[in-house]
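To keep things clear, I will list the structure first and then write my remarks on it.
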């Protein structure tokens, strides 16, 4: 049973006013960065954030566009305090970027941190972060897939002073600008962060003057306790037990495993990544704080969208990552893209475990906010370098690579060109910020011509509710002899899975077309569908064909639609065709590992409890609730016939496996795995394991 200590009495109106004022501080600081930075990755791509912490480095509130930075900011401030101890003074401004020494998600994410003082004592920290266009290292743009150790990825900066008691430390500035490409752009972006920190400091002092130092401390403590208390209560509504999910990160022909086990025990969530692949000499390694930052950025909007995301959210959550693994690499392992690759996949394992627990809850949790895998696990980022129109060194990143199609949701289709982490909220406070860099600005700044930018077409992510569509972009070199690039795509072979029998998503495609000059084509992946595609409303399929999402031929092949001569749906023929296809699935399927008879269902009078969408628990049995077909008493997947399809591509074969209702042939779960692997999920609430004994 979950028990939470009672909260002290606070005035809820005063607390909410202070929360709103602190949020306004981070928003104004973000606005300062947006208006004073000059590189496109910040001004167009919005790859920056602002984080307000208390005096000890605990998270108070985050702002800007990259929520992933907020937890990393707490680590940056604490590393500064550990290094400088009592010598931290009013007017100091610190710089740090090395992920192994208190830095951000990767070396290109620098932190500018400033302590805030009032009445002679430190009362807060403001931490600004942004992606620098270059931080040195092997490759232009500092994403270096060829790096085999962290020393090759860029300038490694432990916590150092940029300003000491208000005086600029010119030697540190000179050290940075001497070791990076496009130094003028990098310096101006850094100075925009310093300016924003100054704005946030002044505004925070205004609040403290109005409420007093004791009132400030008490209020932010109350906010933290409120978030912790409510999160523990919500976790307490999840069934106690263990839940399992596995993801893989592809590097060349290797698939690196990140298995996650979630233990729900009262008001805590404990995640364990034992069994994860060992660290590798590639730039995809990660760290626990990066994995947890990624998870919280996805978990909070789904599980507690109405609660402040502050330090209180961290208290009920534990994460164990074995040292020397890809989720807890040690020096000198390269780490430059570990957030986009391993950390995002590991965070998706964590989210899948939470979904499994929510689906097994006696009362529905999260409802329409539940969906398939996060599409941020399917980025297609690219960086480029060469000479610009005037013959000067140039480099840039295509933020278009952060716009795959979202997985389908519960009772709704996925969002097109979705990004979950970049530009999650506009500067005007809306949920629909401008996500794409302006074409004309990019063409004026860099030697490129964007000949096409639109939605990718096709039936990837099919389902009762389908995924959104990823972005497709065509680019040509213009005004220079040529450019070189680093392609950082994910999901080139292993697509994101569907949910509840939904189809897998599209994979990322990089292509070079040599017609009328060379054109680089980027087709971004998509998430998975929700529910069996043969259950999609025919009228929705017809609307998709009218909107050119896919062709009528693709609609027939994927969704089993039969059209009349005039182009309308023949509903009777469609129903018959779908029934025929489900029977055909069962005829072609591999038999269940542990099939059971219908008599076992008829003989049980146990109450029905949810286990997974479409599957319920009756005593020690798992039952496909629509048809009454029985699954296995341990893993319900073992009671399902399976249908396998090998994905096209070279290297280790990728298998898409569907687990079928043994009576109706309806797809209950679909997974994409390297050949030889089986069962990416597991649901074992205590009531299930105890019933089995």
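Residue numbers (UniProt numbering): 1 to 693. Don't be surprised by glycine CBs; every beta carbon is placed ideally from N, CA and C. Please read all numbers here as calculations on a predicted model, not as lab measurements.
Alpha helix (DSSP H) segment containing residue i, residue limits
i: residue 190; result: 183 to 235
i: residue 736; result: Since the first residue shown for the chain is 1 and the last is 693, residue 736 is missing from the structure and cannot be characterised.
i: residue 695; result: This structure leaves residue 695 out entirely; the chain is present only between 1 and 693.
i: residue 591; result: Counting along the chain, residue 591 falls outside any alpha helix (DSSP H), and DSSP gives it neither H nor E.
i: residue 40; result: 40 to 43
Distance, residue j Cα to residue i Cα
i: residue 257; j: residue 353; result: 16 Å
i: residue 138; j: residue 154; result: 7 Å
i: residue 300; j: residue 351; result: 11 Å
i: residue 447; j: residue 109; result: 25 Å
i: residue 358; j: residue 239; result: 8 Å
i: residue 47; j: residue 163; result: 24 Å
i: residue 550; j: residue 17; result: 49 Å
i: residue 65; j: residue 26; result: 11 Å
i: residue 218; j: residue 52; result: 16 Å
i: residue 532; j: residue 676; result: 24 Å
i: residue 221; j: residue 215; result: 10 Å
i: residue 503; j: residue 556; result: 15 Å
i: residue 372; j: residue 388; result: 41 Å
i: residue 86; j: residue 94; result: 14 Å
i: residue 22; j: residue 88; result: 23 Å
Extent of the continuous beta strand (DSSP E) run through residue i
i: residue 259; result: 254 to 265
i: residue 381; result: 380 to 387
i: residue 279; result: Unbroken run through residue 279: none, as it is neither H nor E.
i: residue 66; result: First-last for residue 66: undefined, no H or E at that position.
i: residue 513; result: 509 to 514
i: residue 93; result: 93 to 96
i: residue 160; result: 160 to 164
i: residue 397; result: 393 to 398
i: residue 319; result: 317 to 320
Three-state class that DSSP yields for residue i in the structure shown
i: residue 584; result: helix
i: residue 131; result: strand
i: residue 492; result: coil
i: residue 702; result: Nothing about residue 702 can be read from this structure; the chain reaches only from 1 to 693.
i: residue 434; result: Model confidence at residue 434 stands at a pLDDT of 43, short of 50, so the residue's coordinates are unreliable; what they give is reported in the following sentence. Three-state DSSP puts residue 434 in coil, outside helix and strand.
i: residue 173; result: helix
i: residue 328; result: strand
i: residue 243; result: strand
i: residue 84; result: helix
i: residue 34; result: helix
i: residue 54; result: strand
i: residue 153; result: coil
i: residue 291; result: helix
i: residue 778; result: The structure shown does not extend to residue 778, since the chain is modelled only from 1 to 693, so the question has no answer here.
i: residue 574; result: helix
i: residue 10; result: coil
i: residue 125; result: strand
i: residue 273; result: coil
i: residue 689; result: helix
Residue i at chain D interface by Cβ criterion, 8 Å
i: residue 183; result: Given the protein chain composition of this structure (a single chain), no chain D is represented.
Residue i vs residue j beta-carbon contact at 8 Å
i: residue 189; j: residue 37; result: yes
i: residue 463; j: residue 405; result: no
i: residue 125; j: residue 77; result: yes
i: residue 99; j: residue 284; result: no
i: residue 241; j: residue 689; result: yes
i: residue 522; j: residue 395; result: no
i: residue 660; j: residue 642; result: yes
i: residue 50; j: residue 200; result: yes
i: residue 496; j: residue 402; result: no
i: residue 320; j: residue 244; result: no
i: residue 267; j: residue 308; result: no
i: residue 524; j: residue 457; result: no
i: residue 90; j: residue 117; result: yes
i: residue 187; j: residue 178; result: no
i: residue 493; j: residue 649; result: yes
Those residues which DSSP pairs with residue i across a bridge
i: residue 476; result: 449, 519
i: residue 612; result: 615
i: residue 109; result: 131
i: residue 657; result: 644, 671
i: residue 355; result: Beta-bridge pairing links residue 355 to no other residue.
i: residue 143; result: Note: residue 143 sits in no beta bridge, so no partner.
i: residue 118; result: 121
i: residue 49; result: 64, 129
i: residue 684; result: 242
Residue i CB to nearest heavy atom of the ligand COA below 7 Å
i: residue 281; result: In terms of ligand content, the structure shown is empty, and the ligand COA therefore cannot be addressed.
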